[in-house]
Every structure is written in structure tokens, then in C-alpha cells.
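Trainee: For the sequence shown, position 54 matches number 46 in the working numbering, and the numbering has no gaps at all.
Have a look at this one before I ask anything.
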Amino acid sequence: EELDLGAEILKAVKAPVKMMVGEHDWYLDLGERWRELFGADQHSWDHKGVHFVVLNSVVEKDFWTARGLSPMERMQTVAGLDNGVQSPFTVGDANRAWLKKDLEKVSSKTPLVVFSHSPLYKLYKNWNFWTDDAEDVQAILRRFENVTVIHGHTHQLLTNQIGNISFHGLLSTAWPWPYAPEGMPQMTIEMGRANPFDPQDGCGNGLVAVHTDGLVDKVYNLWNRNPVKVTRTYMKSGGKKDRPAVPVLKTY
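Dropping the structure here:
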């Protein structure tokens, strides 16, 4: 029902809509309804010289069959932040093979923007802020000059740079998570603890501007704070130039 409602709301959007699947969308029926409403969970397209890829990164090993879990119990388990039962997220063999084949026809000089739900690096395993085969995916992307990964799942302002790949997390429109207690990328401009008395503090939306040099500016539109712009200059300099201001936050 929630997926159906979301699809109905999105009908009002005039621009083309490209969807990326997350674990909450997938594990009730293992993607059956998602595919009916939104099509394939992995796809790519070209736009103005940039190659865009949507990748399913929330594949898990089967932890539910042996435990006799119902579809609802399976989904609720995956939705837990630190349940200790589910396996780490992966892109998986089949999806990595799809990615490799999709990119065979793309020049290494073509700017590449990849959308995934989980971060395509290893941040904090206890909360599943993690993709277990991240290094294998990064290896596939390594031949490209400019790669940007836009990911969800962590619900926060999050920035990282690994080799040729820039990573930007997305804000959420609900449930702002705290930052992980360890493993935080050095380039992240932390937005501070959300106001526990305001369920929207730390939430927001964002914009990604892809420039002709293949690098991007990522704007975080925090609803209850000043926006934060993480520029391509900041990323290209390894965090030494054009450092974003820390978002203003009251003390609670």
C-alpha cells in the first residue's frame, strides 16, 4: 500500500522520474511490487554527456527461511538499525556483472554518476551503514576519470572520497539518524545532533549539479537550518579548499 501511495503521488511530477530501491521497499515481497510499479531495480541512461546508473545495493543473504520468518517479519528485521540478525548489504555477483556489462560501452572519460541506496564503501557495520562487496564495485568504477556516487540509507550529510570516486549521502524526509560512533569519513561536514523535540530537524532534500568537467556540487537543503553546499572544488582538493560552513545548530 505504501508503494502504491508513493507511485500515485509521483504521478504529479512533470519531469521524468528515476527510482532507486531501498531495503524498506524490497523485503516484503523481494521486489515484486516495486518492479510492477517502477520497472527494473537497475537501469542506466545518458544525459548531456553524463552516464547515470541506478544500482541495487541492498541484496542480503537469506536469513529468513531457516528462521521461518513471515514476509512482514523479514521486512521488519531488515528495517532494524542494529538487530544483529540480517546480513550486510551487498550489490551481489549478478548486479556487479550487470554493472560491468553496462559500463563496457562507456568511455573512461565520460562523467559517471551512480545512485545506490547503501553507501558503496564500508562505514559502520553494526548499523549496516555498509556494503560488503564495496571494494569490488569500486574496482569496476576505477577506470573512469570522474565518478560520483549518490547514496541514501544513512539519512544525513555525509561526504567521502576514495580514489577517483566522490561519495555524497542524501538527507531523508523523516527519521534523521545519528552519526555513527566510529568510521566517519574525514571530509564529512557533520550537521550535529538533531533536535530531539523536533522530528523534522536534520531532515531535508537536496540538489546535485553536474558540471562539464564531470564533477558535481551537492547542495543539502536542511529544512530547519541553513543549506550546506559541498562543492566540486572541496572534493577535488581533498577537503583543503572551499570548505563548507558547519550548519548552525542550537544546543539542547
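Backbone N, C-alpha and C define an ideal beta-carbon position, used for all residues, glycine too.
Give the single residue among Asn152, Leu162 and Arg217 whose Cα lies nearest to the Cα of Gly256.
Mentor: Because the chain in this structure spans residues -7 to 244, residue 256 falls outside the shown range and cannot be described.
Trainee: Quick check on this structure: which residue in Gly198, Val77, Lys114 and Asn118 has the alpha carbon closest to the alpha carbon of Asp125?
Mentor: In the sequence shown, the residue the question calls residue 125 occupies position 133. Minimum Cα distance to Asp125 is reached at Lys114.
Trainee: Have a look at Pro63 and Val83 and give me their C-alpha separation to the nearest angstrom.
Mentor: Within the sequence shown, the letter at position 71 stands for residue 63. Within the sequence shown, the letter at position 91 stands for residue 83. Between the alpha carbons of Pro63 and Val83 lies a gap of roughly 21 Å.
Trainee: State the beta-bridge partners of Thr140 as determined by DSSP.
Mentor: Looking up residue 140 in the sequence shown gives position 148. According to DSSP, Thr140 bridges with Val105 and Ser158.
Trainee: Can you grab the Cα-Cα spacing for the pair Lys92 / Phe189, in whole Å?
Mentor: As a first step, residue 92 must be located in the sequence shown, where it is residue number 100. As a first step, residue 189 must be located in the sequence shown, where it is residue number 197. Whole-angstrom Cα-Cα distance: 46 Å.
Trainee: Rounded to the nearest angstrom, what separates Val141 and Thr225 at their Cα positions?
Mentor: Within the sequence shown, numbered from 1, the residue matching residue 141 stands at position 149. Within the sequence shown, numbered from 1, the residue matching residue 225 stands at position 233. Computed Cα separation, rounded: 17 Å.
Trainee: Counting C-beta neighbours from all protein chains within 10 Å, is the total for Asn138 16 or more, i.e. buried, or is it exposed?
Mentor: Position 146 of the sequence shown, counted from the start, is the residue given in the question as residue 138. Counting Cβ neighbours within 10 Å, Asn138 comes out buried, since at least 16 surround it.
Trainee: When DSSP labels each residue in this structure, what does Thr225 get in the three-state scheme?
Mentor: Against the sequence shown, residue 225 aligns to sequence position 233. Three-state result, Thr225: helix.
Trainee: Based on the DSSP output, what are the partners of Ala201 in its beta bridges?
Mentor: Within the sequence shown, residue 201 is the residue found at index 209, counting from 1. In DSSP, Ala201 forms a bridge with Asp209.
Trainee: Alpha carbon to alpha carbon, what distance is there between Val45 and Leu207?
Mentor: Against the sequence shown, residue 207 aligns to sequence position 215. Against the sequence shown, residue 45 aligns to sequence position 53. Whole-angstrom Cα-Cα distance: 16 Å.
Trainee: Of the residues Asp(-4), Trp169 and His43, which one's Cα is nearest the Cα of Asp94?
Mentor: Looking up residue 94 in the sequence shown gives position 102. Among Asp(-4), Trp169 and His43, the Cα nearest to that of Asp94 is on His43.
Trainee: Roughly how many angstroms separate the alpha carbons of Trp37 and Trp90, rounded to a whole number?
Mentor: Indexing the sequence shown from 1 puts residue 37 at position 45. Indexing the sequence shown from 1 puts residue 90 at position 98. Near 14 Å, if we compare the C-alpha coordinates of Trp90 and Trp37.
Trainee: When DSSP labels each residue in this structure, what does Asn75 get in the three-state scheme?
Mentor: Working through the sequence shown from its first residue, we reach residue 75 at position 83. If DSSP states are grouped into helix, strand and coil, Asn75 belongs with coil.
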